[in-house]
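Structure below.
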């Protein structure tokens, strides 16, 4: 029995965003047609200022693979005090025919790619086909991943971006324009940014009602990424009243 | 950041049963004094004739280590059809200060050693100090591990063993006598074996009431290993009526 070991660089060299989008699309179909067993995830919270580590499991009957992903996040002192990222991930793959461990790989890049791809799949399936502009509330790593993914499924003419920190916003603009050649407008306010959106992407830490209902134009497609656990919020509840709400796992979205 | 990789042979060369017993004793103390966070384990059942794979987590504050063990079992066709054991295991260790993955190691040997050590810790703490004879109902790998562990905490004068399969029983006798120099009596019946016991070790698949209450002498210390999940049974319920019952995690033993 052999186990394949892949570091982050290996993973990056083996997979493209286009493939991840196709795979995420297939995975949603498999999950929603009952071909995937996905137990609730388990979480260990560390004492502050440390964050948490999650363990997520899935068994896909179609390819007879069991996967386990550990994923940590919210360790602000990691880069300065320990020289490692504030969040890390590891993925194990098992051959479900025998439960032999067939692969151990870095999970941080795949996590970012997958979440980006999820946004793109939603745009492909649900956004208006004449959508041209994206508004990005939040300009960190996942905000970039969303653009990297969504540009695979539509032509983005412009991005209106907003961030608490002007320097972070300016870096986002420079990076996106250099990497993808898409013009980025640094918005003067969240409201200014949101009012321009055909597609609104939120990738913040979800610390409150960032987007007000009045700012959102009818027909806007919202990709709400930051609100990934109980207690986080990005959208004013009023937005949900008239929205068509689509999610991946209802069980993980309700209490 | 470096991650240590250890296969089964590496693990075997790095740790002794004596160390495992001491560590398991410390772990029980830490767990029962609230220094360990141990979420409920998660299990994925595969379609028959395949078995299951469990994922178990723990965070120990004392040494700032988070561990995850995957452990599969009950794949009867693995050895003949796929050339791998019927059960396998993998352990990940994370530095809880950063959640960096610091070690990936084989978990099958450690699982066997740990379970053996748990029996030995119970003997050390609870068995009569003049105990001399052990009865072993079941003669597989874990039956051997129990002897390997218990001999570290007492002098075993004789073992009375019983198994459904005479050949398996004979192999157990030969192995134990060669490896540990302890005489093994192949019992004619379960009752004959149990009636000789100062310490009774059961390591079967837990398919029913194997041991009757009338056979057990007062003061017998019972190490019940086989009944590790809901639906399994080794002891007649009447045995529990007059027994002092000690377990590691009450939450995992009751519904």
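Chains as they are written, first to last, in the numbering used here: chain A, 1421 to 1675; chain B, 1421 to 1675.
Don't be surprised by glycine CBs; every beta carbon is placed ideally from N, CA and C.
{"Query": "Please report how far the alpha carbon of residue 1653 (chain A) lies from the alpha carbon of residue 1622 (chain A), in whole angstroms.", "Result": "10 angstroms"}
{"Query": "So, does the CB of residue 1592 (chain B) fall closer than 9 angstroms to a CB anywhere in chain A?", "Result": "no"}
{"Query": "Please confirm whether residue 1452 (chain A) has its beta-carbon closer than 9 angstroms to some beta-carbon of chain B.", "Result": "no"}
{"Query": "Pull the bridge partners of residue 1644 (chain A) from the DSSP assignment, please.", "Result": "A:1622"}
{"Query": "Whole angstroms are fine: how far does the CA of residue 1539 (chain A) sit from the CA of residue 1366 (chain A)?", "Result": "Lying before the first or after the last residue shown, residue 1366 (chain A) is absent from chain A, which here runs from 1421 to 1675."}
{"Query": "Where does the unbroken beta strand (DSSP E) through residue 1565 (chain A) begin, and where does it stop?", "Result": "Taken as a continuous stretch (DSSP letters only), residue 1565 (chain A) belongs to no beta strand (DSSP E), being part of the alpha helix (DSSP H) at 1561 to 1570."}
{"Query": "Output needed for residue 1600 (chain A): all residues of its chain with C-beta closer than 7 angstroms, excluding positions within five of it in sequence on either side, in chain order.", "Result": "1567 and 1571"}
{"Query": "Comparing alpha-carbon positions, which option in B:1431, B:1426 and B:1638 lies nearest residue 1532 (chain B)?", "Result": "B:1431"}
{"Query": "Is there contact here, the stretch 1604 to 1622 of chain A with the stretch 1630 to 1648 of chain A, by at least three beta-carbon pairs under 8 angstroms?", "Result": "yes"}
{"Query": "So, does the CB of residue 1533 (chain B) fall closer than 9 angstroms to a CB anywhere in chain D?", "Result": "Protein chains A and B are contained in the structure displayed, whereas chain D is not."}
{"Query": "Quick one: Cα of residue 1595 (chain B) to Cα of residue 1575 (chain B), how far?", "Result": "18 angstroms"}
{"Query": "Along chain A, in chain order, which residues have C-beta atoms closer than 7 angstroms to that of residue 1617 (chain B)?", "Result": "Correct list: empty, because the minimum Cβ distance to chain A is about 35 angstroms."}
{"Query": "Quick one: what's got a C-beta closer than 8 angstroms to residue 1509 (chain B)'s C-beta in the same chain, skipping five residues either side?", "Result": "1489, 1490, 1491, 1492, 1526, 1527, 1528, 1530 and 1531"}
{"Query": "Using beta-carbon positions only, say whether residue 1451 (chain A) and residue 1669 (chain A) come within less than 9 angstroms of one another.", "Result": "yes"}
{"Query": "Measure the C-alpha to C-alpha separation of residue 1507 (chain A) and residue 1495 (chain A) and round it to an integer number of angstroms.", "Result": "7 angstroms"}
{"Query": "Using a cut-off of 8 angstroms between C-beta atoms, extract the partners of residue 1521 (chain A) located in chain B.", "Result": "1490, 1508 and 1510"}
{"Query": "According to DSSP, residue 1489 (chain A) sits in a beta bridge with which residue or residues?", "Result": "A:1476 and A:1511"}
{"Query": "Note down, in chain order, each residue of its chain lying with its Cβ closer than 6 angstroms to the Cβ of residue 1445 (chain A), except the 5 sequence neighbours on either side.", "Result": "1541"}
{"Query": "Would you mind reading off the limits of the alpha helix (DSSP H) that contains residue 1595 (chain B)?", "Result": "1586 to 1600"}
{"Query": "Can you list, in chain order, the residues of the stretch 1545 to 1569 of chain B whose Cβ is nearer than 7 angstroms to any Cβ on chain A?", "Result": "none"}
{"Query": "Indicate the three-state DSSP secondary structure (helix, strand or coil) for residue 1627 (chain A) in the structure shown.", "Result": "strand"}
{"Query": "Hey, would you say residue 1426 (chain B) sits closer than 9 angstroms to residue 1512 (chain A), going by beta carbons?", "Result": "no"}
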